[in-house]
Ligand SMILES: [Fe+2]
């Protein structure tokens with residue numbers, strides 16, 4: 001069992017997604033999400049903001065090339081690196097223009113690359129609408145294996161588990177790396193893939209403003225408005241030109257370090273207290 005303060009406290013800082021239509025994606029994230037495109041030295045496009053940052057690179061649509069997790073400080077990063085080496089966790093030689101040279105990447109059992117690092121002080125201009133990149137969710141074919149990796153090997157804390165009432169089989173798990181209810185979550189599904197990523201706004205009125213903003217760009221809300229059971233956050237979902245699910249959230253629950261895992265039955269209420277749920281399995 002890992003030292004359970006290992007990854008704590010850390011935050012989702014950015015993610016890199018692959019696309020076959022970069023110019024269209026650049027346009028969408030510029031106009032819809034308020035980010036400013038900037039070319040990087042290694043051939044990516046940095047969609048730059050102050051609270052949300054995204055890297056685009058060529059490849060298959062709908063895949064996360066890596067996620068960037070910002071740790072607390074240099075000592076924290078070094079402690080994590082020593083632990084990863086001692087545990088023989090597979091590493092990957094990728095880097096990010098947003099992190100200092102000391103960053104290092106691992107590969108998880110589903111093949112996702114997670115880059116741990118310290119952000120450079122190079123944020124973009126103030127975002128036109130509030131919404132901090134806050135969590136990322138993946139679909140998985142082996143929920144117990146991936147959850148075990150992030151908890152036992154890296155020290156993530158389980159906030160909520162969704163499970164089938166009759167069999168007890170787990171269908172979703174929400175993991176925190178700081179006081180926010182989840183930084184990462186995994187849903188049981190027929191294939192491993194990026195499920196969605198989310199931006200945490202400041203309040204319900206922000207969600208209204210985002211809805212009006214999306215409407216002005218003819219971007220349809222595909223799920224919501226609603227309130228998730230697990231996490232208790234308000235939400236709306238839209239889709240970018242590659243059909244990636246992009247969430248705007250508010251009021252995400254905060255939990256203490258010591259909070260024990262809680263359980264939800266696998267039904268609509270775990271994912272939407274207000275009504276229709278998007279069940280992945
Ligand atoms: Fe979410």
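Numbering (the numbering used here), first residue to last: 1 to 281. Cβ atoms here follow ideal geometry from the backbone N, Cα and C, with glycine treated the same way. Computed from a prediction, not measured in an experiment: that's the story for all the values here.
What is the rounded straight-line gap between the Cα of residue 211 and the Cα of residue 200?
-> The straight-line gap from Cα to Cα measures roughly 14 Å.
Would you report the Cα separation of residue 91 and residue 68, rounded to the nearest angstrom?
-> Here the alpha carbon of residue 91 sits roughly 14 Å from the alpha carbon of residue 68.
Is residue 189 close to chain C, meaning its C-beta is less than 9 Å from at least one C-beta of that chain?
-> Among the chains of the structure shown, chain C does not appear; only one protein chain is present.
Taking 8 Å as the line, does the beta carbon of residue 185 fall inside it for any heavy atom of ligand 1?
-> Checking the Cβ of residue 185 against ligand 1 gives yes.
Pairwise C-alpha distance: residue 21 and residue 280 = Going by the C-alpha atoms only, they are around 26 Å apart.
Taking 8 Å as the line, does the beta carbon of residue 251 fall inside it for any heavy atom of ligand 1?
-> No, ligand 1 has no heavy atom inside 8 Å of this Cβ.
Can the beta-carbon of residue 65 be found closer than 9 Å to that of residue 26?
-> Contact check for residue 65 against residue 26 fails: the beta carbons are separated by 9 Å or more.
Please confirm whether residue 252 and residue 182 have their CB atoms less than 9 Å apart.
-> A contact, by the Cβ cut-off of 9 Å.
Kindly list the residues whose CB is nearer than 6 Å to the CB of residue 261, restricted to its own chain and excluding five residues on each side of it in sequence; keep chain order.
-> For residue 261, where only same-chain residues beyond five positions count, the Cβ hits under 6 Å are 158, 161.
Under a three-way DSSP split, which group does residue 257 fall into?
-> Under the three-state reduction of DSSP output, residue 257 falls in the coil class, being neither helix nor strand.
Candidates 170, 138, 177, 144, of which the one nearest residue 156 by Cα = Residue 177 is the option with its Cα nearest to residue 156.
Assuming residue 61 contacts residue 32 under a Cβ cut-off of 8 Å, what Cβ separation, rounded to an integer in Å, is found between them?
-> With a Cβ gap of about 17 Å, residue 61 and residue 32 do not count as contacting.
Where do the ends of the beta strand (DSSP E) carrying residue 200 lie?
-> Note, residue 200: beta strand (DSSP E), 193-200.
Sort out for me which residues DSSP pairs residue 309 with in a bridge.
-> Within the shown structure, residues of the chain are numbered from 1 to 281, placing residue 309 beyond reach of any answer.
Taking residue 52 as the reference, give the member of 100, 88, 35 with the closest Cα.
-> Among 100, 88, 35, the Cα nearest to that of residue 52 is on 35.
Tell me whether residue 249 sits in a helix, a strand or coil according to DSSP, three-state version.
-> Here residue 249 sits in strand by DSSP.
Check whether the Cβ of residue 235 sits closer than 8 Å to any heavy atom of ligand 1, and report yes or no.
-> For ligand 1, at least one heavy atom lies less than 8 Å from the Cβ of residue 235.
Closest by CA to residue 131, which one among 120, 193, 198, 77?
-> The candidate whose alpha carbon is nearest that of residue 131 is 198.
Compare the C-alpha of residue 225 against each of 277, 241, 263 and name the closest.
-> Closest in alpha carbon position to residue 225, among 277, 241, 263, is 277.
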